[in-house]
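For reference, the structure is listed below as structure tokens.
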Amino acid sequence: MKDIMEKERQLSKEEVTNEIIKVLNKFASVASHDLKNPLSSIKNIAYYFTNSVKLEGEVPNKMLRMLGSEVDRMNNMIVDLLDSTRVKQLHTENYDLKALINEVIEKHKSDKYSFEISAENMLIYADPGRIKQVFSSIIQNAKEAMPEGGTITVKAYKSGNDARVEISDTGTGMDEETLSQIFDPMFSTKQAKALGMSLTVSKQIVTMHDGTIKAESILGKGSKFTVNLPLAVSV
18 MKDIMEKERQ LSKEEVTNEI IKVLNKFASV ASHDLKNPLS SIKNIAYYFT
68 NSVKLEGEVP NKMLRMLGSE VDRMNNMIVD LLDSTRVKQL HTENYDLKAL
118 INEVIEKHKS DKYSFEISAE NMLIYADPGR IKQVFSSIIQ NAKEAMPEGG
168 TITVKAYKSG NDARVEISDT GTGMDEETLS QIFDPMFSTK QAKALGMSLT
218 VSKQIVTMHD GTIKAESILG KGSKFTVNLP LAVSV
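Per this note's numbering, the very first residue in the sequence shown carries number 18; after that it's consecutive.
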């Protein structure tokens, strides 16, 4: 009985999440249409004053540069929100998982973070662009949990009929309350700079692949995300 109630509760939570994503998608579409033109005008005005009008002192010039930068940030937020909530269909194919992981890590490499990679050679049946989005979101989450730098460990191996990918960090970790909400729409930790949709959408993408995603964490010691994806379809 307890298992049935838990399953119904989880189903209800997923239905609410899907409805929230639909609302956010509609909001993002409206925001994109109604805000981009005035934001573009503001940026053009800032550009004009920065390059054509001689202002005295560093403060006014600094404020104009900040204005242009903030407009860019708002535009990027709109684009990211639109992209993150529009997961309508997948373009699946057999894809080299090890190569995919390396492509994602290459984009996140920096002197601040070290990566330890252990990946078996295997093919997955997936939409490579969307799975890259999932792994990138997890790695970005790991980096935000390690503001002073740290190590990100990625392991990939076969587990039954699935490919299992584990991504661990040496960051600040999460308490139980935070851990229970990280896949909820609009939730973000204190370290996160985004609106908190990336992990929600990541779960949606993995579920659409008939896969699973879960997170484990110990406060002060780091977190681990485990993603299971179906192996390639035999021809």
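In this text, a Cβ means the ideal position worked out from N, Cα and C, and glycines have one as well.
All figures in this text were calculated on a predicted structure; none of them were measured in a lab.
Enumerate in chain order the residues of its own chain whose CB-to-CB distance from residue i is below 8 Å, with the five nearest sequence positions on each side excluded.
i, result
"alanine 209", "Per-residue confidence for alanine 209 stands at a pLDDT of 47, beneath the threshold of 50, marking its modelled position as unreliable; the derived number appears in the next sentence. Asn158, Glu161, listed in sequence order."
"lysine 115", "Ala136, Glu137, Asn138, Met139, Ala173"
"asparagine 178", "Pro247, Leu248"
"isoleucine 118", "Ile134, Ala136, Phe152, Val171, Ala173, Val182"
"lysine 126", "Phe132"
Could you spell out where the alpha helix (DSSP H) holding residue i opens and where it closes?
i, result
"valine 151", "145 to 161"
"glutamate 123", "114 to 125"
"serine 215", "215 to 225"
In whole angstroms, what separates the C-alpha of residue i from that of residue j?
i, j, result
"glycine 85", "lysine 79", "10 Å"
"leucine 196", "aspartate 89", "32 Å"
"methionine 163", "isoleucine 122", "16 Å"
"alanine 249", "threonine 109", "10 Å"
"serine 215", "serine 234", "18 Å"
"tyrosine 142", "valine 76", "55 Å"
"asparagine 92", "methionine 83", "14 Å"
"aspartate 186", "glutamate 193", "17 Å"
"glutamate 165", "lysine 129", "8 Å"
"glycine 237", "isoleucine 62", "46 Å"
"methionine 191", "isoleucine 184", "15 Å"
"histidine 226", "tyrosine 65", "48 Å"
"aspartate 3", "lysine 175", "What the structure shows of the chain is the stretch from 18 to 252, and residue 3 is not part of that stretch, so it cannot be assessed."
Over the uninterrupted beta strand (DSSP E) stretch that includes residue i, give me the two end residues.
i, result
"isoleucine 199", "Isoleucine 199 -> no beta strand (DSSP E), and no H or E assigned at all."
"threonine 189", "No beta strand (DSSP E) contains threonine 189, which DSSP labels as neither H nor E."
"leucine 107", "Neither: leucine 107 is in no beta strand (DSSP E) and is coded neither H nor E."
"glycine 239", "239 to 247"
"serine 234", "229 to 235"
"valine 171", "167 to 176"
Given residue i, which residues of its chain have a CB within under 6 Å of its CB, disregarding the five upstream and five downstream residues?
i, result
"lysine 231", "Thr243"
So does the segment 167 to 175 actually touch the segment 126 to 138, counting three or more Cβ pairs closer than 8 Å?
When C-beta atoms of the segment 167 to 175 are compared with those of the segment 126 to 138, three or more pairs fall below 8 Å, so the two segments count as touching.
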